[in-house]
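Under numbering that gives the first Met the number 0, the first residue of the sequence shown is numbered 0, with each subsequent residue one higher. Working notes, beginning with the structure itself.
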Amino acid sequence: MLKKLWALIWRLFILLSYPFLITMRNANAAQAQAADQPVVVTDFIEKLAQTHQTSLIIGACIACWWLGSIIGALYPTPDDLKSAEIRPWLRLLICLAGGFAAFLWVLHDEGALNLLTPLWVGGVAFVAPHLIQIIPTIVKARFGLGGKT
Numbered sequence: 000m001l002k003k004l005w006a007l008i009w010r011l012f013i014l015l016s017y018p019f020l021i022t023m024r025n026a027n028a029a030q031a032q033a034a035d036q037p038v039v040v041t042d043f044i045e046k047l048a049q050t051h052q053t054s055l056i057i058g059a060c061i062a063c064w065w066l067g068s069i070i071g072a073l074y075p076t077p078d079d080l081k082s083a084e085i086r087p088w089l090r091l092l093i094c095l096a097g098g099f100a101a102f103l104w105v106l107h108d109e110g111a112l113n114l115l116t117p118l119w120v121g122g123v124a125f126v127a128p129h130l131i132q133i134i135p136t137i138v139k140a141r142f143g144l145g146g147k148t
């Protein structure tokens, strides 16, 4: 079930994001005069990408944030982390907090959004609950705290 959901979401993401990525790339390349050949794109999409570039990146960040959070909450816990199992609703909250923290960190560190920001936000949202589960396991293994490992 999870593999089918992931395949569907991945295909929809590629299908819907490709024209916007091409248009944003061409808009930036036209400003730097690096584009040699035109790409067939409607004028509406080109104007949309030029005038609302930041808004489109923020929209992609929100989509990847929720997508990474849902998949991160539903993704099964590895066998070696079963002792630190977290409830699904708590995992979802951890995912959402991790993705939001990643978005704020990018804004604070770089001061601007780029095309990799949505991938960073979605990736951190996906990985956040697993990182929370790894910390007690490492503490137990290293220091022998918390009972049986």
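Idealized CB from N, CA, C, for every residue including glycine.
Nearest-angstrom beta carbon gap, residue j and residue i [assumed within contact, 8 Å]
{"i": "L91", "j": "S68", "result": "6 Å"}
{"i": "I85", "j": "Q132", "result": "6 Å"}
{"i": "V120", "j": "A140", "result": "Going by Cβ atoms, the distance from V120 to A140 rounds to 30 Å, so no, they are not a contact pair."}
C-alpha gap between residue i and residue j, whole angstroms
{"i": "A33", "j": "T22", "result": "The predicted model places A33 with a pLDDT of 49, which falls under 50 and marks its position as unreliable, so this point remains unresolved."}
{"i": "T116", "j": "G71", "result": "18 Å"}
{"i": "F99", "j": "A59", "result": "13 Å"}
{"i": "L89", "j": "H51", "result": "35 Å"}
{"i": "V123", "j": "E45", "result": "30 Å"}
{"i": "W65", "j": "L15", "result": "16 Å"}
{"i": "L106", "j": "I8", "result": "27 Å"}
{"i": "L130", "j": "P77", "result": "12 Å"}
{"i": "I13", "j": "G143", "result": "46 Å"}
{"i": "L118", "j": "D108", "result": "16 Å"}
{"i": "L11", "j": "A62", "result": "12 Å"}
Residues near residue i by beta carbon distance below 8 Å, same chain, minus five either side
{"i": "L20", "result": "L114"}
{"i": "A127", "result": "G71, I93, C94, A96, G97 and G98"}
{"i": "F125", "result": "G67, S68, I70, G71, Y74 and C94"}
{"i": "P87", "result": "A72 and L73"}
Residue i, enclosing alpha helix (DSSP H) - first and last residue
{"i": "D108", "result": "P87 to E109"}
{"i": "L66", "result": "Q52 to L73"}
{"i": "L130", "result": "T116 to F142"}
Beta-carbon contacts of residue i that lie in its chain and below 7 Å, excluding the five residues immediately before and after
{"i": "A48", "result": "F19, T22, M23, A26 and L55"}
{"i": "T53", "result": "L112"}
{"i": "W5", "result": "I70"}
Chain-order list of residues whose beta-carbon lies under 6 Å from that of residue i (same chain, five-residue window excluded)
{"i": "G110", "result": "none"}
{"i": "K3", "result": "none"}
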